[in-house]
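Presented below is the structure to which this report refers.
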Amino acid sequence: MYTSPANKARQILEQYGITDIGNLNLEDLAYVRNAIIEETDSLNADGRTIFGDKYAIIKINRNIEYAGKKRFTIAHELGHVELHRNVQPLFLDNDNTLEYFKKGHQETEANEFASELLMPAHLFKKECKEKKFSPDLLRSIAEKFQTSLTSTVYKYFELGDHPICLFYSLNNQVKYWKRPNDYPYFIIDYTKLPPPDDSVASEYFKKNKIYSKEQSKQQIWKSTWFELKHWENDNDFKFYEFCIITPRYNTVLSIVWEELR
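Going by the numbering used here, the sequence shown opens with residue 7, and the numbers climb by one from there.
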């Protein structure tokens, strides 16, 4: 019987009585799940899983800059161990395969497993409840669960209290966007085009502009990313853009939201 990746992660947490997620030792968990984690300098990727007869070897790039991203990478590879042992003998993962909404069925499943293992839905919702959305809220949740800011954003998109829209750009080209199903505004489709000139994402690609943590919430026009109806005035809305920039891969994840006046 098929078990969803999220359910598989929950079953493992329940099996070992794991409740303190932020202090979860992924190396120990991997070992009892028949996987051995090795960090290496020579890996030309963020993570790689190789299946043996008894154990799987999970190799992690020692040079991953952020601890939260390293944890998510390990959890992603463990997802392959749990879900795809009989599918193929090797998985090689980088920023593209770890990017939550893209890159195929198996990669999506591994990301869903990792997301639920590190940020269980019932605990994540508790951290969001009745709290005003902001970049600082995302940072505090990421710190709570010891996860990457990017994976926290994707989880918030699914479970958070405030609607947000996501725009993912690579090499000055929008690769995809996401909005909540019931979102009231129509997004201008920039897919395969550069992000709009007045966006924060465009500032990075054109001017290499990266805002400080204190300035990361930047006000934008509604018309920057959304279609403006003929009766609407940009001044009637208050929209913001917060960008997670990864210079190593030349990617920008734009989080866009509206605050009611």
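Backbone N, C-alpha and C define an ideal beta-carbon position, used for all residues, glycine too.
All values reported here derive from a predicted model rather than from experimental measurement.
Would Ser-154 and Tyr-72 be called neighbours here (beta carbons separated by less than 8 angstroms)? yes
Using a Cβ-Cβ cut-off of 6 angstroms (strictly less than) and excluding sequence neighbours within five positions of Tyr-182, which residues of its own chain qualify? Tyr-174
First and last residue of the uninterrupted alpha helix (DSSP H) at Ala-41: First-last for Ala-41: 41-46, but that is the beta strand (DSSP E), not the alpha helix (DSSP H).
Measure from the alpha carbon of Glu-220 to the alpha carbon of each residue in Thr-55, Asp-142 and Thr-197, then state which is nearest. Taking Glu-220 as reference, the option from Thr-55, Asp-142 and Thr-197 with the minimal CA-CA separation is Asp-142.
Where does Gly-53 sit, in a helix, a strand or coil, going by DSSP? strand
Using three-state DSSP, classify Trp-231 as helix, strand or coil. helix
Alpha carbon to alpha carbon, how far is Ser-208 from Phe-248? 12 angstroms
Can you find the residues in the same chain that come closer than 7 angstroms, C-beta to C-beta, to Ile-193, ignoring five residues on each side of it along the sequence? Cys-171, Trp-183, Arg-185, Trp-231 and Phe-232
Please specify which runs of the alpha helix (DSSP H), each continuous and at least 4 residues long, are wholly inside the segment 152-181, giving them in chain order. 155-165
For Pro-201, tell me which candidate among Ala-15, Pro-253 and Val-180 has the shortest Cα-Cα distance. Val-180
Since Tyr-210 is in the alpha helix (DSSP H), which residue starts that stretch and which ends it? 206-213
Mind checking who Ile-193 pairs with in its DSSP beta bridge? Phe-232
Is the CB-CB distance between Cys-134 and Asp-167 below 8 angstroms? yes
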